[in-house]
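Engineer: With full-length UniProt numbering, the residue at position 174 of the sequence shown is 174, and numbering never jumps.
Even for Gly, the Cβ is constructed at its ideal location relative to N, Cα and C.
Take this structure, written in structure tokens, and hold onto it; I'll ask about it next.
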Amino acid sequence: MKIVIVDDHPLVRRGLAAVISMQSNLHFAGEATNGQEALMIIEETQPDLVLIDLKLADESGLDVIKAARSRGLISKFILLTSSASREDFLKAEEVLVDGYVLKEALPEELLFAIQLVHKGRKYYDPGLMEDKMRMSGNSPTDELTPKEKEVLIELGQGASNREIASRLFISEFTVKKHVSQILAKLQVADRTQAALYANAVGLTKYEMSYD
């Protein structure tokens, strides 16, 4: 998998390049510091994936992605950011950003996002997802039924379907149905992301409400 890094901070670029270079299935294909350089290197190397900062000095990474899309470039894009506004999220959806990762994420979290996006799925950093839902005035957990919340809590503790079924006194088939509904309602790709989300928002059994 060929990866290009777009960031205006040398230390960030070097750090990301080091993480990528340590993986046998990833290839660091190039780097850029601004939009013009980014478009040139993307056209030249045709990377599978681009890691791009939301804020590039006086430019927006989202504008670079939009320009790349308009040129027919088919690379996938993961947005790196410390925070995002409602406008950022709306524009990111408009230009079809494939993933969102907080800059303070651990290397293994970034690598997980890269692998997930490469498989054609979308990745939202749990912290950013909560911000996004808060901006809309809703929390994704509000859409969950009490039983789905219980299942989500168990996912956050790393429990398997069999363990969840035993703890909640339901069948494994029912657990699978609940997990499927949870993924759809939280708009996450798999149970690992759901678990990350549960831990990010601090969901516990003590917060359960059966009103």
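With respect to the beta strand (DSSP E) encompassing histidine 27, which residues constitute its N-terminal and C-terminal limits?
Structural biologist: Along the sequence shown, read from residue 1 onward, the residue named residue 27 stands at position 27. Here the beta strand (DSSP E) through histidine 27 covers 27–32.
Engineer: Mapping the DSSP letters down to three states, classify serine 171 as helix, strand or coil.
Structural biologist: Start at 1 with the first residue of the sequence shown, and residue 171 comes out as number 171. Serine 171 falls in the coil class under three-state DSSP.
Engineer: Going along the chain, which residues of its own chain have a beta-carbon closer than 7 angstroms to the beta-carbon of tyrosine 210, five neighbours each way excluded?
Structural biologist: Indexing the sequence shown from 1 puts residue 210 at position 210. Below a pLDDT of 50, predicted positions are generally treated as unreliable, and tyrosine 210, at 41, falls in that range; the measurement from the model is reported next regardless. Here the set comprises Pro146.
Engineer: Using DSSP with H/G/I as helix, E/B as strand and the rest coil, what is serine 60?
Structural biologist: For the purposes of this step, residue 60 is taken as residue 60 along the sequence shown, with counting starting at 1. Note: serine 60 maps to strand in three-state DSSP.
Engineer: Go ahead and label serine 46 buried or exposed: buried means 16 or more other beta carbons lie within 10 angstroms of its beta carbon, across all protein chains shown.
Structural biologist: Locating residue 46 in the sequence shown gives position 46, where the first residue counts as 1. A quick correction: the sequence has glutamine, not serine, at residue 46. Glutamine 46 is exposed by the Cβ-count criterion.
Engineer: Can you tell me the Cα-Cα spacing of aspartate 63 and tyrosine 124, whole angstroms?
Structural biologist: Working through the sequence shown from its first residue, we reach residue 63 at position 63. Working through the sequence shown from its first residue, we reach residue 124 at position 124. Taking the straight line from one Cα to the other gives about 20 angstroms.
Engineer: Determine the direct distance from the alpha carbon of alanine 159 to that of arginine 191, and round the result to whole angstroms.
Structural biologist: Position 191 of the sequence shown, counted from the start, is the residue given in the question as residue 191. Position 159 of the sequence shown, counted from the start, is the residue given in the question as residue 159. Roughly 10 angstroms separates the two Cα atoms.
Engineer: Near arginine 71, what residues of its chain come up, given a Cβ to Cβ distance below 8 angstroms and the 5 sequence neighbours on each side ignored?
Structural biologist: Here residue 71 refers to the residue found at position 71 when the sequence shown is read from its first residue. Cβ-Cβ distances below 8 angstroms link arginine 71 to Leu39 and Glu43 in the same chain, with the five nearest sequence neighbours on each side left out; the list follows chain order.
Engineer: Would you kindly work out how many angstroms separate the C-alpha atoms of alanine 194 and valine 97, rounded to a whole number?
Structural biologist: The sequence position of residue 194 within the sequence shown is 194, counting from 1. The sequence position of residue 97 within the sequence shown is 97, counting from 1. Each residue's alpha carbon lies about 20 angstroms from the other.
Engineer: Taking the alpha-carbon of residue 223 as reference, which of Arg69, Ala92 and Ile74 has the nearest alpha-carbon?
Structural biologist: As shown, the chain starts at 1 and ends at 211. That puts residue 223 outside it, with no answer to give.
Engineer: May I have a chain-ordered list of the alpha helix (DSSP H) segments no shorter than 4 residues that lie completely inside the segment 81–118?
Structural biologist: 86–94 and 107–118
Engineer: To the nearest angstrom, how far is it from the Cα of asparagine 34 to the Cα of leucine 56?
Structural biologist: Locating residue 34 in the sequence shown gives position 34, where the first residue counts as 1. Locating residue 56 in the sequence shown gives position 56, where the first residue counts as 1. So the two alpha carbons sit approximately 6 angstroms from each other.
Engineer: In whole angstroms, what is the alpha-carbon distance linking histidine 27 and asparagine 199?
Structural biologist: The count along the sequence shown starts at 1 and reaches residue 27 at position 27. The count along the sequence shown starts at 1 and reaches residue 199 at position 199. Their backbone Cα atoms lie some 32 angstroms apart in a straight line.
Engineer: What does DSSP give as the partner residues of leucine 49 in its beta bridges?
Structural biologist: Residue mapping note: residue 49 aligns to position 49 of the sequence shown, counting from 1. DSSP lists Ile3 and Lys76 as partners of leucine 49.
Engineer: Can at least three beta-carbon pairs, one atom from the segment 107–116 and one from the segment 14–33, be found at a separation below 8 angstroms?
Structural biologist: yes
Engineer: Quick one: grab the DSSP three-state call for lysine 55.
Structural biologist: Stepping through the sequence shown from its first residue, residue 55 is reached at position 55. Strand, per DSSP.
Engineer: Give the DSSP-derived three-state secondary structure of threonine 141 in the structure shown.
Structural biologist: For this step, residue 141 is matched to residue 141 along the sequence shown. Looking at threonine 141 - three-state DSSP - the assignment turns out to be helix.
Engineer: CB-CB under 7 angstroms to lysine 122, same chain, minus the five flanking residues each way: which ones, in chain order?
Structural biologist: To locate residue 122, count along the sequence shown from 1; it is residue 122. Around lysine 122: Asp98, Gly99 and Ala189.
Engineer: Rounding to the nearest angstrom, what Cα-Cα distance links histidine 9 and isoleucine 153 in this structure?
Structural biologist: Mapped onto the sequence shown, residue 9 falls at position 9. Mapped onto the sequence shown, residue 153 falls at position 153. Whole-angstrom Cα-Cα distance: 38 angstroms.
Engineer: Please look up how many angstroms separate the CB atoms of glutamate 31 and isoleucine 5, rounded, as I've assumed it's under 8 angstroms.
Structural biologist: Your numbering for residue 31 matches position 31 in the sequence shown. Your numbering for residue 5 matches position 5 in the sequence shown. Glutamate 31 to isoleucine 5, Cβ: 5 angstroms. Contact.
Engineer: The alpha helix (DSSP H) with arginine 13 in it runs from where to where?
Structural biologist: As a first step, residue 13 is located in the sequence shown; it is residue number 13 there, counting from the start. That run of the alpha helix (DSSP H) goes 10–21.
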